[in-house]
Every structure is written in structure tokens, then in C-alpha cells.
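Asker: In my numbering, the protein residues as written are 122 to 456.
Every residue gets a Cβ at the ideal spot worked out from N, C-alpha and C, and that includes glycine.
Pasting in a structure now, in C-alpha cells, and then I'll have a few things to ask.
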């Protein structure tokens, strides 16, 4: 007898959503030290945008502000989240708040500033100004970028990701010297935006693009591709899985490394789709997906949109390599 029903064993496995863990406003008035991370910069300063001491204090203030904003509910917390997050992190914080409001249990991007370490401060006195930080949370090492986009704008969290087990970050140089912000491809194999784009094309399923300028050997990429292949195989001819990205979400940011390369962080949106064929009647959903789409089973199609925050080491020559990734389901629907 031809099988007509196939159970999906968890949201991650169902749509190749990798579950493996890879492993923060000022008041009106003059700009000064009272505004977190923003102060009058001496014209003669040629190293980091702010002193390492002030940077460490600002990092702590920013992370604690973000942790407090993450506790607020969806409506009441919208303003506080906008004052604590920006870029990819703002998109993710809003989705986390929505999930919590719906009764879901989601780990916040930032729970506190405890144990956080400042790794780099951007060079010069102009804006935007940025910082790179890390924090150990349980068995995971987080990598975080913070940014102040213009005078009067406090530092906010731009992106957070979980570094892969065994991944390392090349030296950035002394804090007081500052690290240059990188936007284009100067001195690199490609710009941070293009690296993220090429990677997203190379992990598409079932028709990936040729891996250009980026390695696919890291644990997250390997799991993402492997899970998609295994899921399609498990569904057989009952349904077809497609997996692809719909571009950058919240932009990219990168710091120049001491060796001339760069460390970048980018936000992406991935879409996973399971389309039933005429051979399958329905796919029974696991509890997590069932709650998201408010349906016990799929009779035609299910789509899940996931926010990804990815970190790359981009060299001057060769291929960029992914060193960290973080996922958060953005939306889901089924019929």
C-alpha cells in the first residue's frame, strides 16, 4: 500500500531548520559622556573612536539595556527594543518578542552583560562608530557588533551570533589603536555583502549555485545542507522541499583584522518550503510547528521564514569562511 501520511519529526528536521547550536536614549541637550557611547571626540585623536575604558563601560551599558528591552512584551517593548537594537538584531528581537507573546519559549539574544569582553573599537572620530565584543554563555561563545550611527545616537546592538565550536577570531590589534570599519571589497576577496550573498546561493536546495569565494566546510553549513537532503529523502515522492534565501535583512558590518582580512556579520532571511505532491495526502506537524501555523497537518504546502545572522572571516585571497551562525524563525504558514 502506498504511504499517504508521513510525520515530520520536529520543526528543524521538517524544513531543514537546523536546530544544532553552533557552538541595547539619550535625553535632549548637548552630546557628552552622559549619553552611552557618544561623546565629544578630541580632534587630535587618531586611534579608537573612544577610549578602551569608555568603550568597556559603554559595552556594559548597551548590553544591559538590551537585556532589559528583551524582557518587555511585544507592544510595550517596541520602543525600548528600538532604543537597544538595530540592523539584524532589531529584526530578531521583534520576532523573539512575538514568539514570547504567543507563549513560546525563546532564549534572548542578550541576557546580561556578565562576562562580556570588548575586542575592538572602530578607528577615528567620525560616525558610524562601532565595537566588537564577545561573551561566553554556557557552552556557547557569542560574537556581537554594536554601533552608533550618528552624533546623538547611543550605541545599539547590531548583530549577535553564536560562534561555531573550534572557530577562532584572528587578531584585531590593540584596543587603543582602533580597527577600521570595512564596507566595500578593498583588500578583500569580496565585500561583506557579496560574501553573504554568495554563501546563501551556495546553500540553496535542491539547486545550489557553485561555491564562489566562500568555503562550505564549516559545521553550520554542512548541517544545513545535510538536513535538507535527509528531509527530502525521508519524504520521498510525497512532498518536495525547497530552501533558499531572499536577501540581506538589516545589512552587514565588518572590522578590518590585523592581517588585512576582515570579520563580518550579516543578516539574511531564509525560506523553507514543503510542497505536497499528488502522491501525498498530508504531513502531520510536530507540536512546535503546529502552534506556529495553528494547524495539525499540512495538506498542500508549508512555508517557514527564518532570520539568520552569519559571521565570516574574509581574507585578501582565497575563500571566506563562516565562523558563526544564529537562527530565529520569523514566520510560518500552511494550507
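Work out the CA separation of residue 451 and residue 235 for me, nearest whole Å.
Answerer: In the chain shown, residue 235 corresponds to position 114, counting from 1. In the chain shown, residue 451 corresponds to position 330, counting from 1. So the alpha carbons of these two residues sit roughly 28 Å apart.
Asker: Would you please state the rounded distance, in angstroms, between the beta carbons of residue 255 and residue 247? I believe it to be under 8 Å.
Answerer: By one-based count along the chain shown, residue 255 stands at place 134. By one-based count along the chain shown, residue 247 stands at place 126. Contact doesn't hold; Cβ gap of about 25 Å is too wide.
Asker: Using the Cα positions of residue 170 and residue 308, report the straight-line distance between them to the nearest angstrom.
Answerer: Residue mapping note: residue 170 aligns to position 49 of the chain shown, counting from 1. Residue mapping note: residue 308 aligns to position 187 of the chain shown, counting from 1. About 22 Å.
Asker: From this set, 310, 455 and 290, which residue's C-alpha is nearest residue 415's C-alpha?
Answerer: Walking along the chain shown from the start, residue 415 turns up at place 294. Ranking the options by Cα distance to residue 415, first place goes to 455.
Asker: Please report how far the alpha carbon of residue 331 lies from the alpha carbon of residue 324, in whole angstroms.
Answerer: Along the chain shown, one-based indexing puts residue 331 at 210. Along the chain shown, one-based indexing puts residue 324 at 203. Rounded to the nearest angstrom, the two C-alpha atoms are 9 Å apart.
Asker: On a CA-only basis, which of 306, 439, 173 and 202 is nearest residue 187? Give me that one, please.
Answerer: Walking along the chain shown from the start, residue 187 turns up at place 66. Ranking the options by Cα distance to residue 187, first place goes to 202.
Asker: Check residue 359 in the structure and name its three-state DSSP category.
Answerer: To locate residue 359, count along the chain shown from 1; it is residue 238. DSSP places residue 359 in coil when its eight states are reduced to three.
Asker: Please name the residue, chosen from 365, 259 and 199, that lies closest to residue 395 on a Cα-to-Cα basis.
Answerer: Position 274 of the chain shown, counting from 1, holds the residue named residue 395. Answer by Cα proximity: 365.
Asker: Could you tell me the distance, in whole angstroms, from the CA atom of residue 287 to the CA atom of residue 344?
Answerer: Mapped onto the chain shown, residue 287 falls at position 166. Mapped onto the chain shown, residue 344 falls at position 223. One C-alpha to the other measures close to 16 Å.
Asker: Report back the beta-carbon spacing between residue 207 and residue 445 to the nearest angstrom; my notes put them in contact at under 8 Å.
Answerer: Counted from its first residue, the chain shown places residue 207 at position 86. Counted from its first residue, the chain shown places residue 445 at position 324. Not a contact, Cβ separation roughly 19 Å.
Asker: Which same chain residues end up closer than 7 Å to residue 342 when comparing Cβ atoms and leaving out the 5 residues on each side of it in sequence?
Answerer: Sequence index remark: in the chain shown, residue 342 carries index 221 (1-based). The residues are 324 and 443.
Asker: Tell me whether residue 364 sits in a helix, a strand or coil according to DSSP, three-state version.
Answerer: Along the chain shown, one-based indexing puts residue 364 at 243. Here residue 364 sits in strand by DSSP.
Asker: Would you kindly check if the distance between the Cβ of residue 280 and the Cβ of residue 386 is under 8 Å?
Answerer: In the chain shown, counting from the first residue as 1, residue 386 sits at position 265. In the chain shown, counting from the first residue as 1, residue 280 sits at position 159. The answer is yes: Cβ separation under 8 Å.
Asker: According to DSSP, residue 377 sits in a beta bridge with which residue or residues?
Answerer: Reading the chain shown from its first residue, position 256 is the one you call residue 377. In DSSP, residue 377 forms a bridge with 383.
Asker: I'd like to know if the region 365 to 382 and the region 314 to 323 are in contact, where contact means that at least 3 CB-CB pairs between them fall below 8 Å.
Answerer: Yes, the region 365 to 382 is in contact with the region 314 to 323.
Asker: Helix, strand or coil: how does DSSP classify residue 150 here?
Answerer: Taking the first residue of the chain shown as 1, we reach residue 150 at position 29. Residue confidence for residue 150 is low, a pLDDT of 28 falling below 50, so the modelled location carries little weight; the figure read from the coordinates is stated next. Reduced to three states, the DSSP call for residue 150 is coil.
Asker: Can you tell me whether residue 260 is buried or exposed, with buried defined as 16 or more other CB within 10 angstroms of its CB?
Answerer: Translated into the one-based positions of the chain shown, residue 260 becomes position 139. Classification for residue 260: exposed.
Asker: Candidates 336, 328 and 340: which alpha carbon is nearest residue 353's?
Answerer: Translated into positions along the chain shown, residue 353 becomes position 232. Ranking the options by Cα distance to residue 353, first place goes to 328.
Asker: Do the region 388 to 404 and the region 429 to 438 make contact, defined as three or more Cβ pairs closer than 8 Å?
Answerer: Yes, the region 388 to 404 is in contact with the region 429 to 438.
Asker: Does the beta-carbon of residue 402 have 16 or more other beta-carbons within 10 angstroms, so that it is buried, or is it exposed?
Answerer: Translated into the one-based positions of the chain shown, residue 402 becomes position 281. Exposed, because fewer than 16 other Cβ atoms sit within 10 Å of the Cβ of residue 402.
Asker: Just curious, the alpha helix (DSSP H) that residue 180 is in, first and last residue?
Answerer: On the chain shown, position 59 is the one that residue 180 refers to. Here the alpha helix (DSSP H) through residue 180 covers 173 to 191.
Asker: Who are the Cβ neighbours of residue 294 in its own chain at under 6 Å, not counting the five residues just before and after it?
Answerer: Counting from 1 along the chain shown, the entry for residue 294 is found at position 173. Answer for residue 294: 379, listed in chain order.
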